[in-house]
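Novice:
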Amino acid sequence: MKKVLLHICCGVCAFACINYLKEKGFYVEGFFYNPNISPHEEYLKRRDAANDVCGITSIKLNEGKYNSRDWDNICSVYRNEPEGGKRCNFCYDFRLAETFRVTIASGFDSFATTLSISPHKKSKIISDVGMAIAPEYFMAIDFKKNDGFKKTIALAKTYNIYRQNYCGCAYSIG
Ligand code: SF4
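Numbering (our numbering), first residue to last: 41 to 214.
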């Protein structure tokens, strides 16, 4: 069975993505790696929600480092960019590069990301970033297809999963 490491940005987005991959017959583990999230209390809320969803869907959740200073050193250069601009490209790259590193280090066959399920994010940009990192390992899935976002929101409501009201970094608040 092919082993997929799924980068998870939050519990709500994870639900339908995990189900999709499991229905396709993959062995899936989650990887919560989001040092972009600010403040740290918010990071913990999203991590705990991701953990809840992984428990409900019976997959293991791995947690990466909260190296927020490293993230900020790169992305703060673009602090004034609008959401969806250059800062986000670097943010996707930062998180997916680490997901790829863990994919190889832990013996997974492929990696994917829940980021593409959000209607606020362009799947093509996320795909381009993932493919630039590791074309032979990245699964460029647009999880928002076939009502993916609607499905994941419905599941999150059913299980009362915490849902945030901003993307994640301090520059996206307000
Ligand atoms: S708005 Fe979201 S995707 Fe863009 S840099 Fe901030 S946390 Fe990352």
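Every residue gets a Cβ at the ideal spot worked out from N, C-alpha and C, and that includes glycine.
Computed from a predicted structure; not experimentally measured.
By DSSP, does Glu63 sit in helix, in strand, or in coil?
Specialist: Counted from its first residue, the sequence shown places residue 63 at position 23. Glu63 falls in the helix class under three-state DSSP.
Novice: When you compare only the Cα positions, how much space is there between Thr139 and Ala210?
Specialist: Within the sequence shown, numbered from 1, the residue matching residue 139 stands at position 99. Within the sequence shown, numbered from 1, the residue matching residue 210 stands at position 170. Computed Cα separation, rounded: 22 angstroms.
Novice: With distance defined between alpha-carbon atoms, name the residue in Met179, Val68, Ala54, His47 nearest to Met215.
Specialist: Past the edges of the chain, shown from 41 to 214, lies residue 215, and the structure says nothing about it.
Novice: Which value, in whole angstroms, describes the spacing of the CA atoms of Phe134 and Tyr199?
Specialist: Numbered from 1 along the sequence shown, position 94 holds the residue referred to as residue 134. Numbered from 1 along the sequence shown, position 159 holds the residue referred to as residue 199. Spanning the two alpha carbons is a distance of roughly 30 angstroms.
Novice: Kindly indicate the opening and closing residues of the beta strand (DSSP E) around Phe151.
Specialist: Translated into positions along the sequence shown, residue 151 becomes position 111. Residues 150–153.
Novice: Reducing DSSP to helix, strand and coil, say where Glu81 ends up.
Specialist: Along the sequence shown, one-based indexing puts residue 81 at 41. Note: Glu81 maps to helix in three-state DSSP.
Novice: CA-CA distance, Thr97 and Val117?
Specialist: For the purposes of this step, residue 97 is taken as residue 57 along the sequence shown, with counting starting at 1. For the purposes of this step, residue 117 is taken as residue 77 along the sequence shown, with counting starting at 1. Just so you know, the alpha carbons of Thr97 and Val117 end up roughly 38 angstroms apart.
Novice: Which residues does DSSP list as the beta-bridge partners of Asn102?
Specialist: Position 62 of the sequence shown, counting from 1, holds the residue named residue 102. The partner list for Asn102 (beta bridge, DSSP) reads Phe71.
Novice: Just how far apart, CA to CA, sit Phe71 and Gly170?
Specialist: In the sequence shown, the residue the question calls residue 71 occupies position 31. In the sequence shown, the residue the question calls residue 170 occupies position 130. Computed Cα separation, rounded: 15 angstroms.
Novice: Which first and last residues belong to the alpha helix (DSSP H) in which Val169 is found?
Specialist: As a position in the sequence shown, residue 169 is number 129, starting the count at 1. It spans 163–173 - the alpha helix (DSSP H) in which Val169 sits, taken as one unbroken run.
Novice: Closer than 6 angstroms between the C-beta and any heavy atom of ligand 1: which residues qualify, listed along the chain?
Specialist: Asn76, Cys115, Glu123, Arg127, Cys128, Cys131, Cys207, Gly208, Cys209, Tyr211, Ser212
Novice: Check Lys184 in the structure and name its three-state DSSP category.
Specialist: Along the sequence shown, read from residue 1 onward, the residue named residue 184 stands at position 144. Looking at Lys184 - three-state DSSP - the assignment turns out to be coil, as it is neither helix nor strand.
Novice: Distance check for Arg203 and Ala194, CA to CA, integer angstroms please.
Specialist: Translated into the one-based positions of the sequence shown, residue 194 becomes position 154. Translated into the one-based positions of the sequence shown, residue 203 becomes position 163. Whole-angstrom Cα-Cα distance: 12 angstroms.
Novice: Using a 10 Å radius around the Cβ and a threshold of 16 neighbouring Cβ atoms, would you call Ile173 buried or exposed?
Specialist: Locating residue 173 in the sequence shown gives position 133, where the first residue counts as 1. Burial check for Ile173: the Cβ neighbour count within 10 Å reaches 16 or more, so the residue is buried.
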